[in-house]
Amino acid sequence: MEKLEQLKPYEAELDSLFKELYEEFIKSDFIKRDKLPKYRGIYVFYESGKPIYVGRSNNIRNRIQWHTRESSGSESASFAFNLAKLEYGNQSEIKKQRKVLMQIEEFLEIFRKHKLNLKNLEFKCIRVENDILQTMFEPYLAYKLKTYPVNNTFENH
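Just so it is clear: in the sequence shown, position 30 is 30 by full-length UniProt numbering, and no numbers are missing.
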């Protein structure tokens, strides 16, 4: 109940709050992977100045490291996994479960390449402590930055 109470002051003003958070995010500086903050919030991968993926985490630095770590599997490096599925393009194979795809050498090479590429990108972050606001702001930001529906789908699994 405490988290709901934290949201009460914002309830009537969510539209303006999201606009304020969005403006704060847009004004924020780009950050390299080795300088990422450890706070809770929303992060965005940028490639050549273009936003390509929005995520949220309790520890932004750790989460992005998992996305890009050489040893990360398909669950931890979910963005790289999804990019690899898009590039792999074999529709009959893509419909297979993660475990099956992760045993196909050609797919694994593509997956590794995407993790390495993601490691070298720039990021932007914004602190959002309240998990309800995080959950609501993530798709809002993905929509505004146009990473939805390409790399952010928000589909149920």
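Just so you know, even glycine gets a beta-carbon here, dropped at the ideal spot from N, CA and C. All values derive from a computational prediction rather than experimental measurement.
Closest residue to residue i among the options (Cα-Cα distance)
i: residue 61; options: 35, 102, 13, 89; result: 35
i: residue 31; options: 151, 145, 78, 121; result: 121
i: residue 108; options: 39, 118, 73, 59; result: 73
i: residue 117; options: 136, 68, 81; result: 68
i: residue 51; options: 25, 133, 97, 106; result: 25
i: residue 155; options: 18, 82, 44; result: 82
i: residue 28; options: 57, 15, 16, 46; result: 46
i: residue 150; options: 86, 43, 56; result: 86
i: residue 2; options: 130, 76, 104; result: 130
i: residue 14; options: 103, 134, 119, 33; result: 134
i: residue 148; options: 33, 58, 23, 44; result: 44
i: residue 111; options: 128, 76, 59; result: 76
i: residue 119; options: 79, 6, 59, 42; result: 79
As assigned by DSSP and simplified to three states, the class of residue i
i: residue 50; result: strand
i: residue 111; result: helix
i: residue 72; result: coil
i: residue 168; result: Since the first residue shown for the chain is 1 and the last is 157, residue 168 is missing from the structure and cannot be characterised.
i: residue 100; result: helix
i: residue 179; result: Nothing about residue 179 can be read from this structure; the chain reaches only from 1 to 157.
i: residue 148; result: coil
i: residue 39; result: coil
Exposed unless 16 or more other CB atoms sit within 10 angstroms - verdict on residue i
i: residue 239; result: In this structure the chain extends from 1 to 157, so residue 239 is not present and cannot be described.
i: residue 48; result: exposed
i: residue 146; result: exposed
i: residue 126; result: buried
i: residue 71; result: exposed
i: residue 132; result: exposed
i: residue 38; result: exposed
i: residue 54; result: buried
i: residue 98; result: exposed
i: residue 138; result: buried
i: residue 115; result: buried
i: residue 141; result: buried
i: residue 58; result: exposed
i: residue 128; result: buried
Enclosing alpha helix (DSSP H) for residue i [first to last residue]
i: residue 61; result: 60-68
i: residue 87; result: 78-88
Unbroken beta strand (DSSP E) run spanning residue i, endpoints
i: residue 123; result: 122-127
Practice task
Check whether the segment 75-92 touches the segment 5-19, taking contact to mean three or more Cβ pairs, one atom from each stretch, closer than 8 Å.
Solution key: No, because fewer than three Cβ pairs between the segment 75-92 and the segment 5-19 fall closer than 8 Å, the two stretches do not touch.
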